[in-house]
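Trainee: Structure incoming, see below.
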Amino acid sequence: DPPGVTGHTADAHRRRYTVASSNNCDSNRERTAFLIAMEWIIWLVSLSWIAFGCLAILYTTETRDKAGQLMVRIGRVPGSVTALVVGGLLIVASRDSLQAGFILAIGLLALVKGGVFLWNPAGIYEKTIQWSLETASDQTYRFMGIITLILGTALFSWA
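In our numbering, the protein residues as written are 3 to 161.
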């Protein structure tokens, strides 16, 4: 077991890596590399959510302005494709995580969001951007930051 890992987490860690390390054939090494890559993907997504959540709570106005500039610069289609890619990666990565069902659900929601924004029925992308950047109050934006921070922390601990 890694240092400091005990209990349920240690059992899951052992289960996850024992099969791959018990046999030295190439397919097991590839599977171990794949599992580590999927953990890194979950960690990167969760750390970005934690960072955004903290910024949205502490620096609400500045974060809202920078996020708006980023969304305008990126545009609807690349932003939608990004959501689709992140959703797909979360779905693939959820397979071997501690809370696979929850991470799968987040991945599916990201796929739905990306698909709806790509399709853009009745200008929903523009309406959503306008609401989040102009209409939503600072308290609402901070609440979204709290939810993002909680989800990012949960995702990080379940990787």
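No residue lacks a Cβ here, since even glycine has one placed at the ideal position from N, Cα and C.
Less than 8 angstroms separating the beta-carbons of residue 48 and residue 158?
Mentor: Closer than 8 angstroms, so yes.
Trainee: Give me the residue from 101, 111, 94 and 73 with the minimum Cα distance to residue 134.
Mentor: It is 73 whose Cα lies nearest to the Cα of residue 134.
Trainee: Quick one: any contact between the stretch 149 to 158 and the stretch 51 to 59, if contact means 3 or more CB pairs under 8 angstroms?
Mentor: Yes: the two stretches touch, three or more of their Cβ pairs being nearer than 8 angstroms.
Trainee: Are there 16 or more other CB atoms within 10 angstroms of the CB of residue 127, so buried, or fewer, so exposed?
Mentor: Classification of residue 127: buried, given that the 10 Å Cβ count is 16 or more.
Trainee: Roughly how many angstroms lie between the CA atoms of residue 160 and residue 99, to the nearest whole one?
Mentor: If I take the Cα positions, the gap works out to 6 angstroms.
Trainee: From residue 107 to residue 120, what distance separates their C-alpha atoms?
Mentor: Computed Cα separation, rounded: 20 angstroms.
Trainee: Below 8 angstroms on the Cβ atoms is my guess for residue 146 versus residue 69; work out the distance and round it to an integer in Å.
Mentor: Actually they are not in contact, since the Cβ atoms of residue 146 and residue 69 sit about 11 angstroms apart, beyond 8 angstroms.
Trainee: Take residue 71 as the anchor and find which of 136, 148, 144 and 141 has the nearest alpha-carbon.
Mentor: When each option's Cα is compared against that of residue 71, the closest is 136.
Trainee: Any chance you could list the alpha helix (DSSP H) runs of at least 4 consecutive residues sitting entirely within the stretch 130 to 161, in chain order?
Mentor: Qualifying alpha helix (DSSP H) stretches, in chain order: 140 to 160.
Trainee: Terminal residues of the continuous alpha helix (DSSP H) containing residue 97?
Mentor: Segment: none, residue 97 is in no alpha helix (DSSP H) and carries neither H nor E.
Trainee: Leaving out five residues before and five after residue 140 in sequence, what residues of the same chain have Cβ atoms less than 6 angstroms from its Cβ?
Mentor: The answer, listed in chain order, is 62.
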